[in-house]
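Data first, discussion second: the structure below is written as structure tokens.
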Amino acid sequence: MSSHNESILREPLVTGKDITYAKVTDDILLPVENKPNKAWWIGFIMAALGASLWVVSVGYTFWTGIGAWGLNKTVGWAWDITDFVWWVGIGHAGTLISAVLLLFRQNWRNSINRSAEAMTIFAVICAATYVVAHMGRPWLAYWIFPLPNQFGSLWVNFNSPLVWDAFAISTYFTVSLVFWYCGLLPDIASVRDRAAGLKRRIYSIMSFGWNGSVKTWQRFEIVSLILAGISTPLVLSVHTIVSMDFATSVIPGWHTTIFPPYFVAGAIFSGFAMVQTLLLVMRKVLNFENYITMFHIESMNKIILATGSIVGIAYLTELFIAWYSGSEYEMYAFSNRIAGPYWWAYWTMMTCNVISPQLFWFKRIRTSIPISWVLSIVVNIGMWFERFVIIVTSLHRDYIPSSWAMFYPTWVDVGIFVGSIGVFFTLFLLFLRFLPGIAIAEVKLLLKSASLQQKAKLIREGHLDAEQVTFFKNSLGKYDSVTEKEINELETK
Amino acid sequence: MSNIKYIIGSFADPDEMMDGIDKLQANNVSIYDCFTPMPIHGIEAKLGVKPSRLPIAAFCFGITGTCLGFSLLYYTMTYDWPMNIGGKPSLPLPAFVPVTFEVTILLCALGMVATFFFRNHLFPGRAPRVMDLRATDDRFIIAIDANDNADHGKIESLLKEAGAVEVKYNERKYVSYE
Amino acid sequence: MGTHSHHHDYNFSEQFTFTGRAKVVSLVALALGIVTVAIGLLSSDHITVERTYANLLLMGYYFTGVCAAGGCFLALQYVTQAGWSSGLIRIPQAMAYILPIASLILLVIVVAGLFSHNLYHHWYGEGLTDPNSPNYDALIAGKASYLNAPSFLVRQVGFMGAYSICAWLLAKYSYSEDLHGSLNSYKKSFKLSAIFLVIFGFTSPIWSFDTIMSLEAHWFSTMFGWYNFAAMFVSSLCVITLIVILLKRSGYMAWVNENHLHDLGKLIFGFSIFWTYVWFAQFMLIWYANIPEETVYFYKRWEPEYKPWFWINIVINFVAPVLILVNRDFVRSRKILAFVCILLLLGHWLDYYIMVMPGTVEMHRGFGWIEIGAALGFVGLFAFLVLNKLSKHALAPVKHPFLEESLHHQI
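Residue numbers (my numbering), protein chains in the order written: chain V, 16 to 508; chain A, 14 to 191; chain E, -8 to 402.
Take a look at the structure:
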């Protein structure tokens, strides 16, 4: 709630002294207006190498066909769809942070939404590459769309969840892109008005002529709110439809009614973990500690804890109903997951997704940057295994024991996956270099309500309840961007 | 004097700018527009800007999307070439829900944003019509049409009184024409 | 601009006076309910008895669900440190406070229904698990280690007991905050809320599997727990909103304005969509896969006795709130919002009706004096208990640290 009446109990969202509107612009545009530092170049070169591996692996797949992958007659879907669902899941946090947190007036989103949205877009791009790559004849990818009949005598089958998926992913990508770009317009205008020469020309074109007049801002805010309103069910629908790729079938372990919300919770879970992974590095390397504070980190950890527990409830429900249903196929599918040849994958999933996030109940762990970073990666490993477990363990032992098989990835499977991470980071690092990584205008909104200097001013003025002020000062202890001295200086004059 | 087109009051603080608007309005000075680096809560009411009708546009686009999406499905699956797919009826309403929904959202989003861009003349390559280059950085600008409001000295003193850090007399309407 | 400038003239310590019409009406409704139930249970017609039990279960579950979800709403306000709602928090607190009574009543209904064989006869009956009996049912026998009377009752007592204790304590902390005023109770409430949400999150699906899904013990759906939660939460939001509106109409709670109602309305809108989403996902996946052991549930509900109601359920609980509440002016209008709340409360009664009846009275569905009487009785009881509790404390949590934020809430 960004009002002048914010309670002193609320922790500051912007720390640091003498943060002026100009300083916000300067700080956030630092990486855009200056030559990149060494850390950026090291990261970029590594990511670009990864992306080249992706080009080689995907090129090889296109050249030889999907026989290059480790698939066999029984396991016809494995790493490709696992990676696809993993990336789509990661792509959920961005829109969730922008949309759902906006609707719930969680203004701590203001400093993390931009990079999270960018992450969404890049993750969906990575996911979409798998859709095309797994088609076998990728040059005919456009057949998924309902084109008139000269492409064959039939329309696409709108009963198929895979067709729904094509609509869902492309809609999601388009709307996320539009949402992200609309939000970028005022910030691109900030870059434009400070730049000169060719750079100014380019940013001028990209800014669409934004000028920040009253009417522009008014419509901008309405557009943001409505986009948030429609993006929320959209995010839900996307992973719901992804889950229906499995759940509409009659394969044991796939056909279960809880799949849609459970996949959505898992997507939010992994998306937030990826945001955490990226932001913890970004705030350090780009010196954003005053804008992405310990409050942001802790809040994201709390969301990871909550969504991890929701996913845990879904795992247990699935397991319980598999037994309760009395269906021997369901029961076997689950006992095979737990104790079959892929038991290690199941237990990796359980440990990383349900058990290890429970560590976030401890404040010391939630507010420790190194541990949060490691756990966020652990979550993403766990979420990859979740999809692998769902997909491969349900397929590899089907109804005829003579056709049971195992899946072993080839170098191409591994290359595409590792390579897609390279593609993702290449795009993300380019984004940080050329566009503001934090929404400048939205952070400026916080300065007069939720910043530490504003709170300090209120404390100086007096009139506040002493117990609440002490509570506030204690809550600052965890901030790595607030010094002991600053806390002690928070006194009534 | 006659060359001056606009008077620009430049503030460092949004609350002071709002105060400036009050002062100008109390003295019957009409305000051309304000330019700010961030949205200002309550400024539309002060300047008498009407509420936006974009939600209505969004709703209409959304409904159009629903109809289009459903028509596409109905035409292809039920009317043009009905088939027995997995024993489902040729009008499988539950299976029509996801795609109809996606097309609704897509049209709603694209239509609304296109309307927004159209109404505010935002498009790639549009020359930015900016009256003060720091309005996208750290200044909150009140622009006053110099021809409509004669007493420039009084305007300057009102602006300064409200806390303006700078008052400029622009001979060009926009400083950023390229 | 200062945070603690007390410029407002609200009388926060005002208390609801529970007298006159409200008291008479709620007690008359309660009495009518008791009479109806008594006549129904003493009837010599077996079907009437069973129908009475089914209605008691429906309303008992509805009542408990609304109070439990009220506790959930309360806990969510604390863990998310919500400020806007603190001005109206006394209402969910009153609902949470009476959860022990609601739970006890539901427990009595469940126990009596179980042992009189009027409820849960799909899994609790002579010889169902005995291989030598003609009634033997292999599927039920397979679940008997879970679905048996002792463990079923232990779970009922355990779950509802835990919810009741947490919800009751949460309300209690806030009442004592009024007297002592330190941040202590705020801190304690925060912790207890987290504990309550974990307990409720992990066990409420099982609670609804037991209480409602096991009425048709052969059928199963992993979604059923979250589907029930969605229904409970929407109806609880409607009850809270309706009470706020009625109190305001009687001149109380001047500090709650259309901004707060707008937020409640948006939550009702959002959770109605969530309910529909969950309903649709469950229905569509079962319809699509078309496996007999799953479709049996909807097959029964597509018998002529139920089919119109099955679809009306969606119209009332989805189409109506979405079409009405999408309009900002409508959400901010007290009359229209109250109408939507009443409609949705009726709608979720129908929702539970469709969950309960086909598994209990089956073809002998009815809508008559038993349904109306039982519903009236529970509404009367709920109104009496909640209004009575509201009259015992100030209508605003005077010392709540976020009360000031709530007063300045604007959207």
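Each residue gets a CB set at the ideal place from its N, CA and C atoms; glycine is no exception.
Query raised in the report: So the beta strand (DSSP E) G215(E) belongs to, where does it begin and stop?
Result: Translated into the one-based positions of the third sequence, residue 215(E) becomes position 224. Note on residue identity: the sequence assigns Phe, not Gly, to residue 215(E). Element bounds for F215(E): not the beta strand (DSSP E) but the alpha helix (DSSP H), F215 to R240.
Requested in this report: With a cut-off of 8 Å on the beta carbons, I'd call A66(E) and S184(E) a contact; round off their distance for me.
Outcome: Locating residue 66(E) in the third sequence gives position 75, where the first residue counts as 1. Locating residue 184(E) in the third sequence gives position 193, where the first residue counts as 1. A66(E) to S184(E), Cβ: 4 Å. Contact.
Requested in this report: Would you check whether the ligand FAD has a heavy atom nearer than 7 Å to the C-beta of G242(E)?
Outcome: Only the bare structure without any ligand can be found here, which leaves the ligand FAD out of the picture.
Report task. Using the DSSP secondary-structure output, state which residues sit across from C47(A) in a beta bridge. Result -> Looking up residue 47(A) in the second sequence gives position 34. Residue pairing of C47(A) in beta bridges, as defined by DSSP: I155(A).
Query raised in the report: Less than 8 Å separating the beta-carbons of S241(E) and F215(E)?
Result: In the third sequence, counting from the first residue as 1, residue 241(E) sits at position 250. In the third sequence, counting from the first residue as 1, residue 215(E) sits at position 224. No, they are not a contact pair.
Query raised in the report: Given F59(V), which residues of its chain have a CB within under 6 Å of its CB, disregarding the five upstream and five downstream residues?
Result: By 1-based counting over the first sequence, the position of residue 59(V) is 44. L444, listed in sequence order.
**Report entry** CB contact check: S22(V) to chain E, cutoff 8 Å
**Finding:** Numbered from its first residue, the first sequence carries residue 22(V) at position 7. Yes, because at least one Cβ of chain E sits closer than 8 Å to the Cβ of S22(V).
**Report entry** Where E294(E) meets chain V, residues with beta-carbon distance less than 7 Å
**Finding:** For the purposes of this step, residue 294(E) is taken as the residue at position 303 of the third sequence. The premise fails here: E294(E) is roughly 21 Å from chain V at the closest Cβ pair, so nothing lies under 7 Å.
Query raised in the report: In chain V, which residues lie with their C-beta within 7 Å of the C-beta of R185(A)?
Result: As a working note, residue 185(A) is residue 172 in the second sequence. Chain V residues near R185(A): none, gap ~14 Å exceeds 7 Å.
Query raised in the report: Based on the DSSP output, what are the partners of V29(V) in its beta bridges?
Result: What you label residue 29(V) is simply residue 14 of the first sequence in a count that begins at 1. Per the DSSP secondary-structure output, V29(V) pairs in a beta bridge with S466(V).
Query raised in the report: In the structure shown, what three-state DSSP assignment does G452(V) receive?
Result: To locate residue 452(V), count along the first sequence from 1; it is residue 437. In the three-state reduction of the DSSP assignment, G452(V) falls in the coil class.
Requested in this report: Following the continuous beta strand (DSSP E) through E179(A), name the residue where it begins and the one where it ends.
Outcome: For this step, residue 179(A) is matched to residue 166 along the second sequence. Per DSSP, E179(A) belongs to the beta strand (DSSP E) from E179 to N183.
Query - R147(A) classed as buried or exposed, judged by whether at least 16 other C-beta atoms fall within 10 angstroms - result: Here residue 147(A) is taken as the residue at index 134 of the second sequence, counted from 1. In summary, R147(A) is buried, with 16 or more beta-carbon neighbours lying within 10 Å of its beta-carbon over all protein chains present.
Query raised in the report: What are the residues of the stretch 97 to 115 of chain A that lie near chain V, defined by any Cβ-Cβ distance shorter than 8 Å?
Result: For the stretch 97 to 115 of chain A, which is checked against every Cβ of chain V, the residues closer than 8 Å are I98, G99, K101, P105, A108, F109, P111, V112, F114 and E115.
**Report entry** Other residues of its chain near Q273(E): CB distance less than 7 Å, five sequence neighbours each side excluded
**Finding:** Locating residue 273(E) in the third sequence gives position 282, where the first residue counts as 1. Cβ-Cβ distances below 7 Å link Q273(E) to S212, M214 and Y218 in the same chain, with the five nearest sequence neighbours on each side left out; the list follows chain order.
Report task. Identify, in the order they occur along the chain, each residue of the same chain with its Cβ nearer than 7 Å to the Cβ of L177(V), setting aside the five sequence neighbours on each side. Result -> By one-based count along the first sequence, residue 177(V) stands at place 162. Hits under 7 Å: D260.
Query raised in the report: If you follow the beta strand (DSSP E) that Y494(V) is part of, which residue opens it and which one closes it?
Result: Along the first sequence, read from residue 1 onward, the residue named residue 494(V) stands at position 479. Taken as a continuous stretch (DSSP letters only), Y494(V) belongs to no beta strand (DSSP E), as it is neither H nor E.
Requested in this report: Decide if the stretch 189 to 203 of chain V is in contact with the stretch 429 to 449 of chain V; the criterion is three or more beta carbon pairs, one per stretch, under 8 Å apart.
Outcome: Note that the stretch 189 to 203 of chain V does not touch the stretch 429 to 449 of chain V; fewer than 3 beta-carbon pairs, one per stretch, sit closer than 8 Å.
Requested in this report: Could you confirm whether any beta carbon from chain E is found closer than 8 Å to the beta carbon of T425(V)?
Outcome: Counted from its first residue, the first sequence places residue 425(V) at position 410. For T425(V), the answer is no, since every Cβ of chain E falls outside 8 Å of its Cβ.
Report task. With DSSP collapsed to three states, give me the class of F335(V). Result -> Walking along the first sequence from the start, residue 335(V) turns up at place 320. DSSP places F335(V) within a helical segment (H, G or I) once states are collapsed to three.
Query raised in the report: Ordered along the chain, which non-local residues of its own chain (more than five positions away) have a Cβ less than 7 Å from that of A93(V)?
Result: One-based indexing of the first sequence puts residue 93(V) at position 78. These residues qualify, in order along the chain: G85, L86, I406, V407 and F422.
Report task. Drop a sphere of 10 angstroms on the beta-carbon of D180(V), count the other beta-carbons inside from all chains shown, and report buried for 16 or more, exposed for fewer. Result -> One-based indexing of the first sequence puts residue 180(V) at position 165. By the neighbour-count rule (16 or more Cβ atoms within 10 Å), D180(V) is buried.
Query raised in the report: For the stretch 30 to 44 of chain A, which residues have a CB atom closer than 7 Å to at least one CB atom of chain V, in sequence order?
Result: Under the 7 Å Cβ criterion, the stretch 30 to 44 of chain A contributes no residue.
Query raised in the report: Looking at the C-beta of S340(V), does it have a partner C-beta in chain E at a distance below 8 Å?
Result: For the purposes of this step, residue 340(V) is taken as the residue at position 325 of the first sequence. Chain E, which has a Cβ nearer than 8 Å to the Cβ of S340(V), makes this yes.
Requested in this report: Please classify F364(V): is it buried, with 16 or more other beta-carbons within 10 angstroms of its beta-carbon, or exposed?
Outcome: One-based indexing of the first sequence puts residue 364(V) at position 349. With the sequence shown as reference, residue 364(V) is identified as Met, and Phe is not the correct amino acid for it. Classification of M364(V): buried, given that the 10 Å Cβ count is 16 or more.
Query raised in the report: Looking at the unbroken alpha helix (DSSP H) that takes in G286(V), where does it start and where does it end?
Result: Locating residue 286(V) in the first sequence gives position 271, where the first residue counts as 1. Under the DSSP assignment, G286(V) falls in the alpha helix (DSSP H) whose first and last residues are F274 to V300.
**Report entry** 8 Å Cβ cutoff met for I455(V) and S205(V)
**Finding:** Reading the first sequence from its first residue, position 440 is the one you call residue 455(V). Reading the first sequence from its first residue, position 190 is the one you call residue 205(V). A contact, by the Cβ cut-off of 8 Å.
**Report entry** Spatial neighbours of H(-3)(E) in its chain, beta-carbon cut-off 7 Å, leaving aside the 5 residues before and after
**Finding:** Walking along the third sequence from the start, residue -3(E) turns up at place 6. Residue placement at H(-3)(E) cannot be trusted, given a pLDDT of 49 that sits under 50; the coordinates are not used to answer.
Query raised in the report: Excluding the five sequence neighbours on either side, which residues of its own chain have a C-beta within less than 7 Å of the C-beta of S4(E), listed in chain order?
Result: By 1-based counting over the third sequence, the position of residue 4(E) is 13. Cβ neighbours of S4(E) beyond the five flanking positions: A385 and V389.
Query raised in the report: Can you list, in chain order, the residues of its chain whose CB lies under 6 Å from that of G256(E), leaving out five sequence neighbours each side?
Result: Translated into positions along the third sequence, residue 256(E) becomes position 265. Counting only Cβ-Cβ distances below 6 Å, and skipping sequence neighbours, we find L316, V322 and L328.
Query raised in the report: Nearest chain D C-beta to P141(A) closer than 8 Å, yes or no?
Result: Among the chains of the structure shown, chain D does not appear; the protein chains present are V, A and E.
Query raised in the report: Which class does K167(A) belong to by DSSP, given the choice of helix, strand or coil?
Result: Counting from one through the second sequence, the residue named residue 167(A) turns up at place 154. In the structure shown, K167(A) adopts helical secondary structure according to DSSP, grouped into three states.
Query raised in the report: Relative to the C-alpha of T202(E), which residue among L49(E), G368(E) and A374(E) is closest?
Result: Taking the third sequence and counting its residues from 1, the one referred to as residue 202(E) is at position 211. Taking the Cα of T202(E) as reference, the smallest distance to any Cα among L49(E), G368(E) and A374(E) is reached at L49(E).
Query raised in the report: Would you report the Cα separation of H134(A) and P95(A), rounded to the nearest angstrom?
Result: The count along the second sequence starts at 1 and reaches residue 134(A) at position 121. The count along the second sequence starts at 1 and reaches residue 95(A) at position 82. Straight-line Cα distance between these residues: approximately 46 Å.
Query raised in the report: Can you name the residues of chain E whose CB is closer than 8 Å to the CB of H270(V)?
Result: As a working note, residue 270(V) is residue 255 in the first sequence. Near H270(V) (Cβ distances below 8 Å), the residues of chain E are L276, A280 and I282.
Requested in this report: Could you work out which residues of chain V lie near L130(E), taking near to mean beta carbons separated by less than 7 Å?
Outcome: Taking the first residue of the third sequence as position 1, residue 130(E) is located at position 139. The contact set of L130(E) on chain V, defined by CB atoms closer than 7 Å, consists of G341 in chain order.
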